[in-house]
Amino acid sequence: DSGVTQTPKHLITATGQRVTLRCSPRSGDLSVYWYQQSLDQGLQFLIQYYNGEERAKGNILERFSAQQFPDLHSELNLSSLELGDSALYFCASSPRGAEGGNTIYFGEGSWLTVV
Amino acid sequence: ELKVEQNPLFLSMQEGKNYTIYCNYSTTSDRLYWYRQDPGKSLESLFVLLSNGAVKQEGRLMASLDTKARLSTLHITAAVHDLSATYFCAVASYSGNTPLVFGKGTRLSVIA
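Taken in sequence, the protein lines are chains C and B.
Going by my numbering, the letters in the first sequence line up with residues 1 to 115, in that order.
Going by my numbering, the letters in the second sequence line up with residues 1 to 112, in that order.
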């Protein structure tokens, strides 16, 4: 158990809908990362937050958004869902960023299936 | 743009044999991570390599980093079935845009 908690674990929804994925980082970790894992694209970095502020942005679609709240939990919002958004979405956390070689711990992931 | 390439992508090994997985990356970095993933599961951190020449070992796995060659290796000694998984290397970029860039992973299958 990495200490990173993600909910829901599984989610099936229809095209055009909106979903919210939730992540609680390890106790004391300030950085939260979101990654998308699909068979064809591999592990793609979406976005990073550090202590409530956006720190880095990757290949995140405009239909997706995220935020980190004062209690450091984070939410990833996916809207106008398409079939191609079906993937495993990981949240990860670390005490700071990748600076200093902090281990980045991953949660169990949220399986999203868009039908 | 930082690119991370792993090879091989698929590896079938016999139990008891040794093999090496290679991870090349395209730009300067001295922070390299190795993760293991079982099917449908989370990514488990194996090693964090921080400097040129760094070597770390855990059980039958040993990882090394050559920053000048931009190369890391994950060596498997006397493979056992429990090592069957997908292994990812990931590199931290200094660009500030992409904290951790992953390779495509090496799917390892250890057979009797």
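Glycine residues also receive a C-beta, built at the ideal position from the N, C-alpha and C atoms.
Once DSSP output is grouped into helix, strand and coil, what is the label at residue i?
| i | result |
| --- | --- |
| residue 84 of chain C | helix |
| residue 82 of chain B | helix |
| residue 39 of chain C | coil |
| residue 9 of chain C | coil |
| residue 38 of chain B | coil |
| residue 7 of chain B | strand |
| residue 108 of chain B | strand |
| residue 102 of chain B | strand |
| residue 67 of chain C | strand |
| residue 113 of chain B | Because chain B here runs from 1 to 112, residue 113 of chain B falls outside it and cannot be looked at. |
| residue 54 of chain B | coil |
| residue 43 of chain B | strand |
| residue 15 of chain B | coil |
| residue 47 of chain C | strand |
| residue 53 of chain C | strand |
| residue 14 of chain C | coil |
| residue 61 of chain C | coil |
| residue 113 of chain C | strand |
Excluding the 5 residues flanking residue i on each side, which residues of the same chain have their C-beta closer than 6 Å to its C-beta?
| i | result |
| --- | --- |
| residue 22 of chain C | 7, 75 |
| residue 47 of chain B | 34, 56, 63 |
Spatial neighbours of residue i within its chain, please: CB distance less than 8 Å, with the 5 preceding and 5 following residues excluded, ordered by chain position.
| i | result |
| --- | --- |
| residue 96 of chain C | 30, 31, 50, 102 |
What does DSSP give as the partner residues of residue i in its beta bridges?
| i | result |
| --- | --- |
| residue 66 of chain B | B:71 |
| residue 24 of chain B | B:5, B:71 |
| residue 189 of chain C | A query on residue 189 of chain C cannot be resolved here, the shown segment of chain C reaching from 1 to 115 and no further. |
Grab me the residues of residue i's own chain with a C-beta within less than 7 Å of its C-beta, minus the 5 sequence neighbours each way, in chain order.
| i | result |
| --- | --- |
| residue 13 of chain C | 19, 81, 114 |
| residue 85 of chain C | 78, 112, 114 |
| residue 60 of chain C | 46, 47 |
The region 73-83 of chain B / the region 5-22 of chain B touching (three or more Cβ pairs under 8 Å): yes
Three or more C-beta pairs below 8 Å linking the region 75-90 of chain C and the region 12-27 of chain C: yes
Three-pair Cβ contact test at 8 Å for the region 80-91 of chain C versus the region 1-9 of chain B: no
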